[in-house]
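Sequence positions in the sequence shown follow numbering that gives the first Met the number 0 and run 0 to 330.
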Amino acid sequence: MSSASPGIEPAGTPTITGTASGKRVLLAKPRGYCAGVDRAVIAVEKALEVYGAPVYVRKEIVHNKHVVETLRDRGAIFVDETSEVPEGALVVFSAHGVSPMVHAEAADRNLRTIDATCPLVTKVHKEVNRFAKDDYDILLIGHEGHEEVEGTAGEAPDKVQLVDKAEDVDKVEVRDPSKVIWLSQTTLSVDETMERVDQLRERFPGLADPPSDDICYATTNRQVAVKAMAAECDLVLVVGSTNSSNSKRLVEVALKAGARASYLVDFAHEVDEAWLAGVTTVGVTSGASVPDELVMELLAWLAERGYGDVDEVTTANEKITFAPPKELRKV
């Protein structure tokens, strides 16, 4: 899989230095908000500003507890299905994307819609459509039940098979081994995804690769940054919510890359002080749906406990931005 992405500047080899006091924090960069999350959150904020409350949002706009609660306080109403939205009301589709069936349901209820699907997720949807039209069997690597997977598979449910765990590989059945392609959820662990691809290729040597990387630049960059510092860390704290796939992957990546321990927390007060016993170096990062204020609060919490020296470990500089959803560009 390619390591280069448009709008990304490599930062060279990161240098990690020690401190005189011993206790230190290694702060990963890139971390936090990606362009797709930023776009989606701004879409809800703009909709509230222009149209007033309430603005309905199907599912969580992004997988972060703090972001959802903040928007709820401003007048956003989060629902699980379009059937819960009053006819004719305004609804925003989350960054994770929805299936054509959801779009059709919204039209049947005369809902005004704002589609905040991340453009990188939309790219995978288009790949599904392209290869389904060419009559390929599509093996979608992703986590069962995740909203992004449901939306992507919904583009061509008769052609898509989900491959989540290793044991799923043996369950795959294809019509023509020469017309099989793998695609993936955008927020997976790069290493775990390639393991699954290798397993699939053992069964189907003619397995085709996606036209371009499906795992998004932000997911990849945050994993690379964690890998760069993990071996130096006694503990890695990942700020993110438990339903955030890319945040949970950062914990796994940290442990595989040599961190002695790693935990996922939404807020600084969730850190168990017992985790700091015998710890000299704490690594800190955050998932792609996490506002940086939560990271700053964690750094302040750590500083109060003697971890005031912070070295930023930079592996890339992200400059990607996405245009607002088309429904909001005129306003």
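Built from N, CA and C at the ideal position, the CB exists for glycine as well.
As assigned by DSSP and simplified to three states, the class of residue i
{"i": "R57", "result": "strand"}
{"i": "F77", "result": "strand"}
{"i": "L187", "result": "coil"}
{"i": "G282", "result": "strand"}
{"i": "I214", "result": "coil"}
{"i": "V179", "result": "strand"}
{"i": "S261", "result": "strand"}
{"i": "A152", "result": "helix"}
{"i": "A256", "result": "coil"}
{"i": "G35", "result": "helix"}
{"i": "H62", "result": "coil"}
{"i": "V330", "result": "coil"}
{"i": "S244", "result": "helix"}
{"i": "D133", "result": "coil"}
{"i": "D271", "result": "coil"}
{"i": "V171", "result": "coil"}
{"i": "R195", "result": "helix"}
{"i": "E303", "result": "coil"}
{"i": "S288", "result": "coil"}
{"i": "S98", "result": "coil"}
{"i": "H145", "result": "coil"}
{"i": "V84", "result": "coil"}
{"i": "P324", "result": "coil"}
{"i": "K22", "result": "coil"}
Integer-rounded CB distance, given that residue j should sit under 8 angstroms from residue i
{"i": "R23", "j": "D310", "result": "6 angstroms"}
{"i": "H95", "j": "K58", "result": "7 angstroms"}
{"i": "L187", "j": "I137", "result": "Going by Cβ atoms, the distance from L187 to I137 rounds to 16 angstroms, so no, they are not a contact pair."}
{"i": "L263", "j": "K247", "result": "6 angstroms"}
{"i": "L249", "j": "R221", "result": "6 angstroms"}
{"i": "T151", "j": "V171", "result": "Not confirmed; about 17 angstroms, so no contact."}
{"i": "T320", "j": "A115", "result": "So it is not a contact: roughly 15 angstroms between Cβ atoms."}
{"i": "T185", "j": "L275", "result": "Going by Cβ atoms, the distance from T185 to L275 rounds to 34 angstroms, so no, they are not a contact pair."}
{"i": "I60", "j": "V67", "result": "7 angstroms"}
{"i": "N238", "j": "S285", "result": "Inspection of the sequence shows that residue 238 is occupied by Val rather than by Asn. Sure, about 4 angstroms apart at Cβ, within 8 angstroms."}
{"i": "V159", "j": "L199", "result": "Not quite, the Cβ-Cβ distance comes to about 14 angstroms (not below 8 angstroms), so this is no contact."}
Exposure label - residue i; buried when at least 16 CB within 10 Å
{"i": "F52", "result": "Strictly speaking, residue 52 in this sequence is Ala, with Phe absent from that position. Classification for A52: exposed."}
{"i": "M228", "result": "buried"}
{"i": "H268", "result": "exposed"}
{"i": "D212", "result": "buried"}
{"i": "F266", "result": "exposed"}
{"i": "G31", "result": "buried"}
{"i": "T280", "result": "buried"}
{"i": "E48", "result": "exposed"}
{"i": "D291", "result": "exposed"}
{"i": "P29", "result": "buried"}
{"i": "A106", "result": "exposed"}
{"i": "R195", "result": "buried"}
{"i": "N245", "result": "buried"}
{"i": "V330", "result": "exposed"}
{"i": "K318", "result": "exposed"}
{"i": "K132", "result": "exposed"}
{"i": "D37", "result": "buried"}
{"i": "K164", "result": "exposed"}
{"i": "K325", "result": "exposed"}
{"i": "K226", "result": "buried"}
{"i": "A399", "result": "As displayed, the chain neither begins before 0 nor continues past 330, which places residue 399 out of reach and without an answer."}
{"i": "A217", "result": "buried"}
Residues bridged to residue i (per DSSP)
{"i": "Q160", "result": "L138"}
{"i": "A27", "result": "V312"}
{"i": "T112", "result": "V90"}
{"i": "L234", "result": "V281"}
{"i": "A207", "result": "I180"}
C-alpha distance - residue i paired with residue j, whole-angstrom precision
{"i": "E272", "j": "V90", "result": "42 angstroms"}
{"i": "V43", "j": "F92", "result": "10 angstroms"}
{"i": "L161", "j": "E143", "result": "7 angstroms"}
{"i": "E154", "j": "V148", "result": "10 angstroms"}
{"i": "A332", "j": "T314", "result": "This structure cannot speak to residue 332, because the chain is shown only from 0 to 330."}
{"i": "G282", "j": "E104", "result": "45 angstroms"}
{"i": "V97", "j": "V78", "result": "14 angstroms"}
{"i": "E231", "j": "Y306", "result": "15 angstroms"}
{"i": "K178", "j": "R202", "result": "13 angstroms"}
{"i": "V189", "j": "H145", "result": "17 angstroms"}
{"i": "A27", "j": "T241", "result": "20 angstroms"}
{"i": "K64", "j": "P204", "result": "42 angstroms"}
{"i": "L298", "j": "E83", "result": "40 angstroms"}
{"i": "V50", "j": "S261", "result": "Residue identity check: residue 50 is Tyr in the sequence provided, not Val. For Y50 and S261, the distance between alpha carbons rounds to 42 angstroms."}
{"i": "V173", "j": "M193", "result": "20 angstroms"}
{"i": "E166", "j": "E191", "result": "14 angstroms"}
{"i": "R259", "j": "G87", "result": "53 angstroms"}
{"i": "K255", "j": "R108", "result": "48 angstroms"}
{"i": "N234", "j": "V278", "result": "In the sequence as displayed, the identity of residue 234 is Leu instead of Asn. So the two alpha carbons sit approximately 7 angstroms from each other."}
Residue-chain proximity (residue i, chain C), Cβ-Cβ < 9 angstroms
{"i": "M193", "result": "Considering every chain present, this structure includes no chain C. It has just one protein chain."}
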